[in-house]
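Numbers in our numbering are just positions in the sequence shown, counted from 1, shifted up by 80.
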Amino acid sequence: MLRWNGSGWRQVKAPAGAGPLSSAAIAPGGVVAVGQDTAQEQDIAVQWNHGAVRLQTLPGPAEGSAVRPVGVDVSARAATVVGSATTPQALLPAPLLLTGRL
């Protein structure tokens, strides 16, 4: 991961458990990104806010479902994640839209 400090880019350490991230958006006071954990068994949202890092698991539509986030957008109070979700019973992925408070 890279961070712009006003005059150049520098590499920063990703939070423990964060794997490949697919999308990021500027949030009030920080950044929200979505992707997968290091084992790629769960899909996650990562929030950086004034130096603090919070890692959250994204909920799926049903038990045993696989969520694949591909985009995130942030407003003053909420984050919206888009992507696809597959349940054990479904043959094809379904569109996914998650909205939650920051």
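Even for Gly, the Cβ is constructed at its ideal location relative to N, Cα and C.
| Check | Outcome |
| --- | --- |
| Who are the near neighbours of GLN169 in its chain, counting only those whose CB is closer than 7 Å to its CB and skipping five residues on each side? | none |
| For PRO149, count the other beta carbons within 10 Å of its own beta carbon; 16 or more makes it buried, fewer makes it exposed. Which is it? | buried |
| Give a yes or no on whether the C-beta atoms belonging to SER103 and VAL92 are separated by under 8 Å. | no |
| Do the CB positions of LEU172 and VAL162 come within less than 8 Å of each other? | no |
| Within 10 angstroms of the Cβ of THR166, are there 16 or more other Cβ atoms? Answer buried if so, exposed if not. | buried |
| In three-state DSSP terms, what is LEU101? | strand |
| For TRP128 and GLY97, what's the separation of their Cα atoms in angstroms? | 14 Å |
| In chain order, what residues of the same chain have a beta carbon less than 7 Å from the beta carbon of GLY95, not counting five sequence neighbours either side? | A small fix is needed here, since residue 95 is Pro in this sequence, not Gly. Correct list, in chain order: VAL126, VAL133, LEU135. |
| Is the beta carbon of ALA158 sitting closer than 8 Å to the one on GLY140? | no |
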